[in-house]
Structures are given as C-alpha cells and as structure tokens.
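Notes for the one structure printed next.
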Amino acid sequence: MEKFTTLTGIAAPMPLVNIDTDMIIPKQFLKTIKRTGLGANLFDEMRFDRDGGEIEDFVLNQPAYRNAEILVAGENFGCGSSREHAPWALLDFGIRAVISTSFADIFYNNCFKNGILPIVLPREQVDALMKDAQKGANARVTVDLEEQIVTSSDGEAFHFEVDAFKKHCLLNGLDDIGLTLENAAASIDAFEAKVKTARPWV
Amino acid sequence: MTNPRTLYDKIWDDHVAHEAEDGTCRLYVDRHLVHEVTSPQAFEGLRMTGRGVRAPEKTVAVPDHNVPTDPTRLQGIKDEQSRIQVEALRQNAAEFDIEIYDIDDDRQGIVHIVGPEQGWTQPGMTIVCGDSHTATHGAFGALAHGIGTSEVEHVLATQTLIQKKSKNMLVEVDGELAPGVTAKDITLSIIGETGTAGGTGHVIEYAGQAIRALSMEGRMTVCNMAIEGGARAGLIAPDEKTVAYVKGRPHAPKGGQWEMAVDYWKTLGSDTGAHYDKSLRLNAADIAPVVTWGTSPEDVLPISAAVPAPEDFDGGKVEAARRSLDYMGLEPGQNLSDIEIDTVFIGSCTNGRIEDLREVAKIMEGRKVKEGLRAMIVPGSGLVRLQAEEEGIAQKLQEAGFEWRMAGCSMCLGMNPDQLAPGERCASTSNRNFEGRQGYKGRTHLMSPGMAAAAAITGRLTDVRELM
Chain H
1 MEKFTTLTGI AAPMPLVNID TDMIIPKQFL KTIKRTGLGA NLFDEMRFDR DGGEIEDFVL
61 NQPAYRNAEI LVAGENFGCG SSREHAPWAL LDFGIRAVIS TSFADIFYNN CFKNGILPIV
121 LPREQVDALM KDAQKGANAR VTVDLEEQIV TSSDGEAFHF EVDAFKKHCL LNGLDDIGLT
181 LENAAASIDA FEAKVKTARP WV
Chain Y
203 MTNPRTLYDK IWDDHVAHEA EDGTCRLYVD RHLVHEVTSP QAFEGLRMTG RGVRAPEKTV
263 AVPDHNVPTD PTRLQGIKDE QSRIQVEALR QNAAEFDIEI YDIDDDRQGI VHIVGPEQGW
323 TQPGMTIVCG DSHTATHGAF GALAHGIGTS EVEHVLATQT LIQKKSKNML VEVDGELAPG
383 VTAKDITLSI IGETGTAGGT GHVIEYAGQA IRALSMEGRM TVCNMAIEGG ARAGLIAPDE
443 KTVAYVKGRP HAPKGGQWEM AVDYWKTLGS DTGAHYDKSL RLNAADIAPV VTWGTSPEDV
503 LPISAAVPAP EDFDGGKVEA ARRSLDYMGL EPGQNLSDIE IDTVFIGSCT NGRIEDLREV
563 AKIMEGRKVK EGLRAMIVPG SGLVRLQAEE EGIAQKLQEA GFEWRMAGCS MCLGMNPDQL
623 APGERCASTS NRNFEGRQGY KGRTHLMSPG MAAAAAITGR LTDVRELM
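Quick mapping for you: the protein sequence lines, in order, are chains H and Y.
Taking the working numbering, the leading residue of the first sequence gets 1, the next gets one more, and so forth.
Taking the working numbering, the leading residue of the second sequence gets 203, the next gets one more, and so forth.
And the structure:
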C-alpha cells in the first residue's frame with residue numbers, strides 16, 4: 001500500500017449528501033478480478049452519458065477539477081454496498097483524500113486499506129472547505145496526516161481526529177495482514193485452543 | 203459481579219483474540235461467507251504473498267451476485283466477465299479447500315439465505331462476508347457484518363478482523379403490527395426515523411414485542427436493512443424460535459454439543475440495566491404499509507401519503523430530494539398510490555425466503571398480474587425454489603403471470619441480465635433504491651412482498667390492505 005504523509009492538491013466540491021458506492025462505481029464494473037483500472041469509470045453514471053460522452057457540468061469533468069486529488073463531499077459519503085471497488089476507483093482516478101461530515105463505516109475502513117485518507121470534520125469546517133473548493137484549481141488544499149491538519153487555500157487550518165493504529169499503518173504504508181501474523185499469531189492460536197473446549201460446536 | 207452487558211458486548215467479549223495497547227482488537231471470526239464479486243482480489247493477494255486460508259472449514263463459498271437466473275445458465279454463463287468471476291470462485295474454492303455450493307447445486311442461492319438455511323449461521327457467532335447485507339445473520343443473535351475485499355483477505359489469512367468496538371443502539375418496537383404490516387415495513391419505518399446515517403458507528407439491537415413476534419424470516423428482513431440505517435450490524439436476541447430454526451440443519455451442532463450450544467445461546471440476551479449509547483422506540487400500531495419515493499432508503503412514507511416537496515426538508519437534503527424527484531420522474535403532491543409501475547421484482551436477501559413467497563401467493567389468490575407488466579419472482583435459494591414448488595406456490599404464481607426464476611441476487615443489483623431499462627419503474631422487494639441500482643436510469647420503489655403483489659395486480663403502487 002502506498003504511504004500517505006502529506007498531500008497538497010486540488011479539492012473538488014461534491015455537496016450532494018448520501019453519495020453511495022453504487023454512484024462511485026456502478027455494478028457493471030464490479031465484474032473485474034483486478035484492483036486496477038477502475039478510475040476510468042469513477043462516478044460513471046454521473047460523469048458520462050449513455051454514449052460515453054462527458055456530462056459537462058459534473059464536477060470532475062470541469063477543467064478546474066480534472067486533476068483533483070481531494071474530494072469535499074456531503075454527509076454520509078460512501079453509504080451502501082461494501083464494494084472496495086469504490087476506493088479502488090477513487091485511487092485509480094487520483095483521489096487520495098475525502099473530506100466530509102460523516103462516512104459510512106465499511107467505506108471508511110476500506111479507504112485506509114488503500115492509501116486513501118477519509119477526514120471527518122464538523123459541518124461548519126466542511127462548509128468552509130466546500131466554499132474554498134468551489135474557487136477552482138487555484139484553491140489547493142493541504143492535508144498533513146502526521147499533524148492531523150487540513151489547511152485551506154487561504155491558510156485556515158482545521159485539526160482532525162484519526163485512529164492511532166490506522167494513522168500508523170497509513171503513514172508507513174503497512175500491510176496489516178503482515179502485522180497481524182507478526183504480532184497476534186500466538187494469541188490467535190491460544191484463542192482457538194480455548195474455544196475448542198468452551199464452544200466446541202463452533 | 204460484572205456490569206450488565208448487552209448482547210453485542212457479550213459476543214464481542216467472547217471473540218477478542220488479541221488486544222493491543224491502543225485498544226485495537228483482533229476479533230476472531232467464526233464463519234466467513236464468500237461470493238464471486240468481492241473475493242477474487244483477496245485470493246489473488248494470498249497467492250501473491252504465499253499465504254494460505256487459516257480455517258477453510260469455517261469458510262463457505264457460493265456464487266450469487268452475477269449468476270443468471272434463467273435455467274440456460276446450466277449450459278454456461280454467456281456474459282464472459284461474469285463467467286470468469288464464477289470460474290475464479292470455483293477454482294479458488296478448490297485450491298484452498300473451501301466448500302462451495304455451485305450453480306448446479308440445489309443449495310446454491312443468495313449467500314445470506316444459504317448461510318442460515320444450511321445451519322452455518324448460529325447464535326453468538328461472529329460472521330463476516332464481503333457484502334454489506336451480512337447484517338441479515340444478526341437475526342440469530344450473531345454479530346454479522348459486511349467487510350471490504352482487503353478485510354476478506356485478512357480474514358482468509360488470519361481468521362480475525364482488526365476492529366474497534368462500536369457503540370450500542372437499542373431499537374424497540376412495542377405492541378402488535380396491524381394486518382398487512384410486515385417486517386419490511388418495520389425496518390423501512392425505522393430507517394425513515396433514523397435516516398441512513400442514524401446508525402453509523404453503532405450496532406443496533408432490535409427488541410420489543412413486535413420484534414419477538416416475528417418469524418425468523420421476518421427477523422432476517424429487519425436485520426438485513428440495518429446497514430441501510432448506517433449500522434454495520436443488527437442483532438436480535440436468540441429465543442425458542444431461533445433454536446427451533448437452527449435445529450437439525452446440516453451444519454448445526456450435533457449430539458451432546460447441541461445441548462451445550464443451546465445452554466450457551468440462552469445466556470446471550472442483554473442483561474437488565476445494560477447500557478445503550480442511543481435508543482429509539484416505535485409503536486407497532488403506528489406503522490403502516492410503506493413505500494419509498496426517492497433514491498435513498500430513508501425516503502420512505504406510508505402508501506396513503508403524497509410525494510413530498512424538496513422544501514419539506516432541511517440542509518443538504520433539499521438538493522438531494524430535488525435530484526431524487528427528477529430522477530424518479532415524480533411531482534410533489536402526487537399521491538403515492540397513483541404511481542404506475544412497469545415491473546415487479548420479488549426476491550433478494552431481504553425478501554427472497556419461503557415466507558415471502560407464501561405472502562405473495564396469498565395476495566395473488568384468484569388474481570392475475572396486470573396485463574402488460576413484467577413480473578418476476580427470484581427465489582433466494584434453490585431450496586426455497588424447490589419448497590415453493592412442493593407447496594404448489596410456484597405453479598399458482600406462474601399461472602397468475604409471474605416469471606419463475608432460478609436463485610440469485612438478480613435484479614436487486616442488476617449485475618446479471620435481470621435489469622431495468624432507462625425510465626422503467628419497478629415495485630421491488632429489495633433493499634436499495636439508489637440511482638441506477640436495478641439498471642441504468644431505472645426507478646425503484648421499495649416495499650414488502652405483499653405490497654409488491656398488490657402493485658402487480660393493479661399496475662400501480664397499492665395499499666395491500668385493500669386486497670386482503
């Protein structure tokens with residue numbers, strides 16, 4: 001997994017609430033057996049018409065936001081299906097951070113497994129960053145994971161919370177399966193042995 | 203004496219295999235259900251790192267999401283990508299020694315219907331699957347939730363999941379449901395109250411007289427949609443109905459272990475005085491048959507209501523409602539019961555069980571699907587299909603004008619050929635009315651099986667009580 005330390009980039013505003021993972025990557029693109037190549041179809045039905053032509057007013061089709069690396073989104077971003085294809089598509093497009101007032105749980109976890117940082121901020125701060133993002137390509141937002149700070153284009157800084165373990169894995173690009181096998185294998189063995197007596201039917 | 207604990211607290215405590223200093227836990231996973239869409243990358247990851255499956259005997263695979271539901275599928279799946287995914291699941295199951303219910307097996311079906319049916323699902327277990335509707339299994343008092351593909355790989359390799367504990371939320375539904383009101387109306391009405399983010403960060407325990415009175419099938423319908431309220435998992439404490447349902451199933455505990463298991467299951471209910479971080483109370487008598495009007499499951503109203511106006515809402519929801527109405531082709535003030543439909547879909551992990559099909563058959567008794575409508579029944583599993591055929595339901599429903607399909611997820615998410623055309627309007631017993639969910643520009647109204655049957659008869663959204 002790619003590390004996430006700091007990022008300065010264009011932030012695209014998507015104020016719509018309840019953006020679900022079906023919107024982020026529609027089901028017809030879930031038939032792949034790979035993790036890559038999904039960026040071309042990110043937000044497919046909002047971004048393209050039936051013939052594959054770009055829908056002009058969709059934010060990521062506007063010249064200012066074609067190279068966005070950050071999304072500022074309405075509440076409950078990533079709700080619905082557990083498909084990890086959603087963060088895979090975001091990452092493949094080049095999005096490394098999403099800022100919102102709230103995220104759906106499964107999507108939130110999936111982001112951390114793929115080097116994407118989801119940032120939760122209070123409504124007034126998300127509103128301020130949304131306004132900032134609406135200024136276009138010159139409005140570059142900076143995210144510093146080590147310091148846990150988002151800085152708007154005019155220098156306003158907002159502190160965010162992140163779980164210490166998730167932060168550690170993301171900062172160092174760690175594979176958490178490796179970590180579990182390294183740190184917890186003996187505990188898992190012991191747990192299985194205990195359950196064999198306590199709940200043998202399991 | 204220990205502090206009073208909730209059902210969730212108890213299952214959690216019994217499954218922490220490892221706790222790090224910062225409170226991060228490795229939660230042991232008792233059952234891992236695997237399907238074709240969210241697993242290929244996980245198995246590929248194992249191969250690339252030279253890791254194996256730690257507990258293949260606790261893992262079961264079934265293709266469901268993109269399998270066609272017409273019988274010609276047995277001659278081979280025509281769509282190449284779908285075929286490759288199903289073949290990949292077959293190969294991965296063989297390579298890693300995992301039991302699979304393949305598409306020619308009567309036990310095949312939607313993973314969340316197959317798990318309980320085969321007795322894989324039991325009270326007090328932790329159950330995960332790369333699918334958000336894993337919440338279904340909570341009906342048995344099992345802690346069950348959806349995970350992403352990276353987590354699927356983590357569970358395959360370690361039989362654990364890295365977790366922080368969620369908060370406890372209690373939803374009580376008191377009293378008795380009125381005739382014509384079902385588990386689907388309960389679960390949709392709860393989401394109507396909480397919103398789709400109301401349960402975020404929580405595990406919901408459903409309790410109260412109306413929940414206890416539900417069959418296991420009804421309880422599965424309620425827990426299935428916990429995720430639509432933002433909660434990863436829903437739970438209902440096990441009771442005699444739960445025990446009776448599990449008993450004798452192929453993977454249920456056997457011999458002396460059965461008594462031991464039942465004794466344990468009886469200890470799982472929440473203690474008096476246990477702490478909930480959030481709670482909600484509904485009166486069953488206030489719940490009416492409901493339908494959705496928009497593109498989020500929280501956009502739900504009684505069938506007797508009218509389509510709302512965007513101005514009826516606050517904040518970001520105003521724009522979302524405007525977008526929904528435009529997408530759905532509806533005008534504020536229009537009566538919901540005047541909305542004409544083109545298609546009826548009965549099936550899914552929410553409402554594809556035998557009880558649901560019986561409900562449809564009861565409403566259809568002596569009646570026909572309205573001329574010109576497409577009406578489809580997709581049983582949740584091959585065994586549900588067989589049972590409906592044995593009970594004579596299948597024949598009756600076909601005579602009434604329904605297509606009778608093979609088991610799978612089908613039009614709930616339209617990954618297989620069963621899809622809505624642009625603008626096509628569907629009365630659906632599934633769980634999501636998102637934009638494009640059942641097909642590009644397709645329009646979905648969620649409802650109970652009885653309500654879907656009523657819509658099939660009249661060709662418009664209809665109060666099922668008028669036909670009872």
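Note that CB positions come from ideal geometry on N, CA and C, so glycine has one too.
Everything numeric in this text was worked out from a predicted model, so none of it was measured.
| Item | Value |
| --- | --- |
| Pick from Y:Asp308, Y:Ile543, Y:Asp516 that is closest to leucine 588 (chain Y), judged by C-alpha positions | Y:Asp308 |
| Within 7 angstroms of chain Y by C-beta, residues of the segment 71–104 of chain H in sequence order | Gly74, Glu75, Asn76, Cys79, Gly80, Ser81, Ser82, Arg83, Glu84, Ser102, Ala104 |
| Residues of its chain near glycine 382 (chain Y), where Cβ-Cβ distance is below 7 angstroms and the 5 sequence neighbours each way are ignored | Pro491, Gly652, Val666, Arg667, Met670 |
| Selected residue, minimal CA-CA separation from threonine 180 (chain H), among Y:Lys367, Y:Asp376, Y:Glu355 | Y:Glu355 |
| Spatial distance of alanine 89 (chain H) from leucine 71 (chain H) (CA atoms) | 13 angstroms |
| Inter-stretch contact (C-beta, 8 angstroms, three-pair minimum) for the segment 137–146 of chain H and the segment 167–184 of chain H | yes |
| Positions along the segment 425–437 of chain Y whose CB lies within less than 7 angstroms of some CB in chain H | Gly432, Arg434 |
| Minimum C-alpha distance to isoleucine 188 (chain H) - residue among Y:Ile505, Y:His217, Y:Glu319, Y:Pro512 | Y:His217 |
| Complete alpha helix (DSSP H) runs within the segment 269–315 of chain Y (minimum length 4 residues, chain order) | 282–297 |
| 8 angstroms contact criterion, which alanine 486 (chain Y) and leucine 379 (chain Y) should meet: CB distance rounded | 5 angstroms |
| One or two residues paired with tyrosine 230 (chain Y) in a DSSP bridge | Y:Thr362 |
| Range of the contiguous beta strand (DSSP E) that encloses histidine 220 (chain Y) | 218–221 |
| With 16 other Cβ atoms within 10 Å as the buried cut-off, status of arginine 434 (chain Y) | buried |
| Through-space distance from glutamate 69 (chain H) to isoleucine 227 (chain H), alpha-carbon basis | Summary: the structure shown does not reach residue 227 (chain H), with chain H confined to residues 1 through 202, and so no result is reported for it. |
| Proximity to aspartate 176 (chain H) [Cα-Cα], best of Y:Cys227, Y:Val405, Y:Ala511 | Y:Cys227 |
| Residues that methionine 130 (chain H) contacts on chain Y, provided the C-beta gap is smaller than 9 angstroms | Result: empty, since nearest Cβ-Cβ is about 10 angstroms, beyond 9 angstroms. |
| Nearest residue (CA-CA) to valine 424 (chain Y), options Y:Thr664, Y:Ser632, Y:Trp214, Y:Gly638 | Y:Ser632 |
| Proximity test, Cβ basis, 7 angstroms: proline 242 (chain Y) and chain H | yes |
| Glycine 348 (chain Y) and serine 334 (chain Y) closer than 7 angstroms at C-beta | yes |
| Span of the alpha helix (DSSP H) around tyrosine 210 (chain Y) | 209–215 |
| Beta bridge counterpart(s) of alanine 157 (chain H) as assigned by DSSP | H:Thr151 |
| Touch test, the segment 606–621 of chain Y against the segment 575–594 of chain Y, Cβ-Cβ under 8 angstroms, three pairs minimum | yes |
| Cutoff 7 angstroms: asparagine 203 (chain H) Cβ touching any chain Y Cβ | Nothing in the structure corresponds to residue 203 (chain H), since chain H is present only between 1 and 202. |
| Cβ shell of arginine 414 (chain Y) (< 8 angstroms), same chain only, five flanking positions each side left out | Asp441 |
| Cutoff 7 angstroms: valine 236 (chain Y) Cβ touching any chain H Cβ | no |
| Interface positions of the segment 366–388 of chain Y facing chain H (Cβ-Cβ less than 9 angstroms), listed along the chain | Lys366, Ser368 |
| Alpha-carbon spacing of glutamate 419 (chain Y) relative to glutamine 361 (chain Y), whole angstroms | 28 angstroms |
| Whole-angstrom distance between isoleucine 556 (chain Y) and alanine 412 (chain Y), CA atom to CA atom | 21 angstroms |
| Cβ contact check for the segment 619–632 of chain Y and the segment 286–295 of chain Y: 3 or more pairs under 8 angstroms | no |
| Under the three-state DSSP convention, the category methionine 14 (chain H) falls into | strand |
| Length of the line joining the Cα atoms of valine 264 (chain Y) and glutamate 238 (chain Y) | 7 angstroms |
| Amino acids of chain Y, ordered along the chain, whose beta-carbon sits closer than 9 angstroms to that of leucine 16 (chain H) | Gly518, Glu521, Ala522, Arg525 |
| Assigned secondary structure, arginine 421 (chain Y) (DSSP; H/G/I helix, E/B strand, else coil) | helix |
| Buried/exposed call for histidine 159 (chain H), threshold 16 Cβ in 10 Å | exposed |
| Within chain Y, partners of asparagine 110 (chain H) - CB distance below 9 angstroms | Ile349, Gly350, Thr351, Ser352, Glu353 |
| Glutamate 542 (chain Y): first and last residue of the uninterrupted alpha helix (DSSP H) it sits in | Note, glutamate 542 (chain Y): premise wrong, no alpha helix (DSSP H); not H, not E. |
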